[in-house]
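Residue numbers (full-length UniProt numbering): 1 to 245. Heads up, the beta-carbon is just placed ideally off N, CA and C, and yes, glycines get one too. These figures come from a predicted structure and were not determined experimentally. Working notes, structure below.
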Amino acid sequence: MPREILLRLWQSCKIIRVTVNHQPALPYGRLITLEGIEGAGKTTQRDVICETLIEQRVPFLKTREPGGSDIAERMRALLLDQANQGMSATAELLLMFAARAEHLHKTILPALSSGTWVICDRFTDASYAYQGGGRGIDAQHIRHLENWVQDGLRPHLTLLFDLPPTVGLARAQRRATAATGHPDRFELETVAFFERVRSVYLTLAEQDQARFRVIDATQPQAAVTAQVQTIIISQVNELRQGSWA
């Protein structure tokens, strides 16, 4: 499949699987997640990762949370709809994990079992940050759901795009105005909410430095892209050399 067609496909789709013929043997699928507050540029850099994997001839699937399967996408609509602004924190958390269970069963696990890399815009770290830090839910409740739903599955690599909430929210508001004319339910939250979210993200990264790579998302986009490409190419090379177990 010509590279230009692949680029157009992923730019127009929410979820896409790309299989590249004649790639060097890569025995394991890998789950790579992208995290950060609104306006951090995750979606743009997810596409950069996909382009890099095409160049490296690595099969991949691009997806997102909440969402990533038919039922999970309908749950996403409930979670983001402004009309549901009064949703309780508990209901929000349970919906997130219900969507995640569907996403894992229908999309992520089948891809990983086939040796495909999964590139996911948000995953369980977001639940700790948003429902834990933002909403104040005890991390033990989130951990219990994580262990039950994921059965030990964790991302192999997480890129955390970090920036101050005031900067991220300004970007997100411009994006929302251009796309739909109004922000989603989370984008209506206060700066203080996102400060708590950011704090938990940074704590998670500090606690698991082997998995996380923290990227300064206030840099020019070209600088962020170059950093992301370097990280991904390094991971591919390490796996090919047998050093990433």
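According to DSSP, residue pairing for TRP117 in a beta bridge involves PHE60. In this structure ILE215 is not in contact with LEU157, their Cβ atoms being roughly 12 Å apart against a cut-off of 8 Å. A straight-line Cα-Cα distance of about 7 Å links GLY29 and VAL118. In the structure shown, ILE142 adopts helical secondary structure according to DSSP, grouped into three states.
When secondary structure is reduced to three states using DSSP, THR33 falls in the strand class. Using a Cβ distance threshold of 8 Å, ILE37 and ILE49 do not count as a contacting pair. In the three-state scheme derived from DSSP, where H, G and I count as helix and E and B as strand, LEU163 is classed as coil.
The alpha-carbon of GLU92 is positioned some 30 Å away from that of THR116. Annotated three-state conformation of ASP216 is strand, per DSSP.
In the DSSP assignment, LEU157 is bridged to ILE32. Under the three-state reduction of DSSP, HIS103 is assigned to helix. HIS103 is a Cβ neighbour of GLY68, given a cutoff of 8 Å. Boundaries of the alpha helix (DSSP H) around LEU239: 221–240.
Within the same chain, Cβ atoms closer than 8 Å to the Cβ of GLN150 are found at ARG100, LEU104, THR124, the five residues on either side in sequence being excluded.
Of all C-beta pairs linking the region 51–58 to the region 215–234, three or more are shorter than 8 Å, placing the two stretches in contact. A distance below 7 Å between beta-carbons, with the five flanking residues on each side excluded, links VAL200 to the following residues of its chain, in chain order: TYR128, ALA129, GLY132, GLY133. In this structure, the beta-carbon distance from ASP162 to LEU202 falls below 8 Å. One Cα belongs to LYS42, the other to ASN147, and the distance between them is close to 26 Å. Exposed is the label assigned to VAL191, since fewer than 16 other Cβ atoms lie within 10 Å of its Cβ. Judged by beta-carbon spacing, LEU153 lies beyond the 8 Å limit of PHE97, meaning their Cβ atoms are not closer than that value. When secondary structure is reduced to three states using DSSP, MET87 falls in the coil class, being assigned neither helix nor strand. In this structure, the CA atom of SER114 is about 21 Å from the CA atom of GLU65.
The C-alpha of ARG211 lies about 21 Å from the C-alpha of THR44.
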